[in-house]
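For reference, the structure discussed in these notes is given below.
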Amino acid sequence: MSNRIKNIAVTSTAAALLMGLALSAWLKPADEFSVSERRPLDGMPELTLDSLLADEREDTFMSKFEGYTLDQFPLRDGFRTLKSIASYYIFGHLDNNGIYIEDGYAAQLEYPINEGSIDYAAAKFKEASGYFGEDTAFYFAVVPDKGYFLAEENGYPSLDYDRFFTLCREKMDFARQIDITGTLSLENYFKTDTHWKPETLGGTADAIADAMGVTLSADYEEAVLDVPFYGVYYGQSALPLPSEEMRYLTGDVLDGCTVYSYEAGREIGVYDMEKAHGKDPYEMFLGGNLTAVKITNPAASTDRELVVFRDSFGASLTPLLIEAYSEIIVIDIRYAPLSMIAGYRDPGGRPIAADLGTADDVLFIYSTLVLNNSNTLR
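Each residue of the sequence shown is one higher than the one before, counting from 44 in this note's numbering.
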């Protein structure tokens, strides 16, 4: 075959490939959501005179159109995977999209300490403490991210965790710190996800209960979710990481509890099995991103009441504490301010604010990832 024919063949193949991708991009319906990245994808922006003349870059038609074309590119996930494989295994990059992998665990780079963020979180928690009575006891626990176990020893930029915990203790001086780091190891966390494994948290729950002056002794059985679990880092890393099992605990104590969602205005389960089979199975714990739920334990041996301010880590841990309390109100101020949540009412018409005023204990439990990026708190 002559060089001329070879050149024509190569050029024609490349042109056909580019034409095919272009036609596919224009003809395929726009995807609304990326399952792998767990985020909505940009759609075709509206072409208006204002969007053409906008001064701010992010508001212009072309800037939004660029985001649309990137999100809706044909075979996007496949190309992302190829890029990540090349980045990790051919070019030897230590991370991709801020995600690194060591010892089979995927983790997110998180550094440096954002002291202003800790200040903001502490101010929000201090503000929340004003809703409670004089006899209420306050506690807080910081959940370390996987970088606590992986980053520094493997040569990645890392938070100074000792200083981080010290800053939290100093800035949240109205509450007693509960150190749970000694109850945790890397094995307590999912390999492909941010979160810890709820079935491994018995020692952590015991440590928190002991610090708050209550005792846990219930026995639980493990159940396995009947769908494979792919954590958030599976999509963010764009690598073909293996799936994991999602396990959760069952037993007489949890089976006997009722859980009321103030937003839904109805009872829900400790585990939301519809969300367990949805886009993010970790949202199965206490309904996921609900701002306020009340767990009632009719078999409690005491009439003690607990309020937990939490992120998603706290959602999976809190059910293990209900054994020691007749009632736990669980609040997430990432989605609504406490001033709004306090007005929610239970089926009997009692507002949350009234329950806050009679609470015996309050626990603030948040991960380092949230405390170091606390602009999510309302």
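C-beta: ideal position from N, C-alpha, C; glycine also.
Would you list the one or two residues that DSSP bridges to residue i?
i: Leu412; result: None; Leu412 has no bridge partner.
i: Ile371; result: Ile338, Leu349
i: Glu326; result: Paired residue(s): none; Glu326 is not in a bridge.
i: Tyr148; result: Glu145
i: Phe272; result: Glu287
i: Leu292; result: Glu265
i: Arg377; result: Bridge partners of Arg377: none, in fact.
For residue i, does the three-state DSSP call read helix, strand or coil?
i: Asn139; result: strand
i: Lys337; result: strand
i: Phe208; result: helix
i: Ser172; result: helix
i: Tyr459; result: Any answer about residue 459 is impossible in this case: the structure gives the chain only from 44 up to 421.
i: Phe192; result: helix
i: Thr91; result: coil
i: Val257; result: coil
i: Arg219; result: strand
i: Asp404; result: strand
i: Val313; result: coil
i: Arg393; result: coil
i: Pro200; result: coil
i: Pro83; result: strand
i: Arg47; result: helix
i: Tyr232; result: strand
Thinking C-alpha only, which one of the options is nearest residue i?
i: Gly190; options: Arg206, Glu170, Gly173, Leu412; result: Leu412
i: Val185; options: Val313, Leu152, Lys214, Val296; result: Lys214
i: Pro271; options: Ala307, Thr237, Gly294, Gly321; result: Gly321
i: Phe229; options: Ile374, Thr243, Thr179; result: Checking the sequence shown, residue 229 turns out to be Leu, not Phe. When only C-alpha atoms are compared, the closest one is Thr243.
i: Arg156; options: Ile142, Glu288, Asp203; result: The residue you asked about is not Arg; residue 156 is Ile in the sequence shown. Answer by Cα proximity: Asp203.
i: Gly308; options: Asp269, Asp375, Tyr387, Leu420; result: Tyr387
i: Ile376; options: Tyr368, Ser417, Gly392, Phe192; result: Ser417
i: Met383; options: Ser55, Glu306, Phe208, Gly299; result: Glu306
i: Pro390; options: Tyr303, Asn415, Leu329, Ser410; result: Tyr303
i: Thr401; options: Thr339, Glu348, Lys107; result: Glu348
i: Ile142; options: Gly392, Phe217, Ser280; result: Ser280
i: Met255; options: Ser130, Tyr368, Thr301; result: Tyr368
i: Pro380; options: Leu363, Glu366, Arg421, Tyr409; result: Arg421
i: Ile371; options: Arg393, Ala150, Leu406, Gly392; result: Leu406
i: Ala385; options: Thr339, Phe175, Arg353; result: Phe175
i: Ser286; options: Val296, Glu170, Tyr273; result: Tyr273
i: Asn415; options: Ser106, Glu264, Tyr154; result: Tyr154
i: Asp85; options: Thr103, Lys107, Thr91, Pro72; result: Lys107
i: Leu333; options: Glu310, Gly245, Asp253; result: Glu310
i: Leu292; options: Glu317, Gly245, His136, Val350; result: Gly245
i: Cys300; options: Cys211, Glu288, Asn340; result: Asn340
i: Gly294; options: Gly278, Glu317, Ala266; result: Ala266
i: Leu297; options: Leu363, Gly147, Asp222, Lys169; result: Leu363
If we cut at 9 angstroms on Cβ distances, does residue i have a partner in chain C?
i: Gly159; result: Among the chains of the structure shown, chain C does not appear; only one protein chain is present.
Use the C-beta contact count for residue i: other C-beta atoms within 10 angstroms, 16 or more gives buried, fewer gives exposed.
i: Ser344; result: exposed
i: Ala397; result: exposed
i: His238; result: buried
i: Asn46; result: exposed
i: Ile48; result: exposed
i: Thr361; result: buried
i: Asp236; result: buried
i: Phe233; result: buried
i: Gly225; result: exposed
i: Thr54; result: exposed
i: Gly330; result: buried
i: Asp262; result: exposed
i: Tyr132; result: exposed
i: Thr209; result: exposed
i: Glu366; result: buried
i: Ser260; result: exposed
i: Met327; result: buried
i: Phe192; result: buried
i: Asp253; result: exposed
i: Asp178; result: exposed
Which stretch, first to last residue, makes up the alpha helix (DSSP H) that contains residue i?
i: Glu317; result: 316 to 319
i: Gly130; result: Going by the sequence as given, residue 130 is Ser instead of Gly. Premise fails: Ser130 is in no alpha helix (DSSP H) and is neither H nor E.
i: Ile156; result: No alpha helix (DSSP H) contains Ile156, which DSSP labels as neither H nor E.
i: Leu420; result: Run containing Leu420: none; DSSP gives neither H nor E here.
i: Ser359; result: 355 to 360
Between which two residues does the beta strand (DSSP E) harbouring residue i extend?
i: Tyr263; result: Neither: Tyr263 is in no beta strand (DSSP E) and is coded neither H nor E.
i: Tyr182; result: 180 to 186
Taking only heavy atoms of the ligand COA into account, decide whether any of them is closer than 8 angstroms to the Cβ of residue i.
i: Tyr163; result: The model on display carries no ligand, and the ligand COA is accordingly not part of it.
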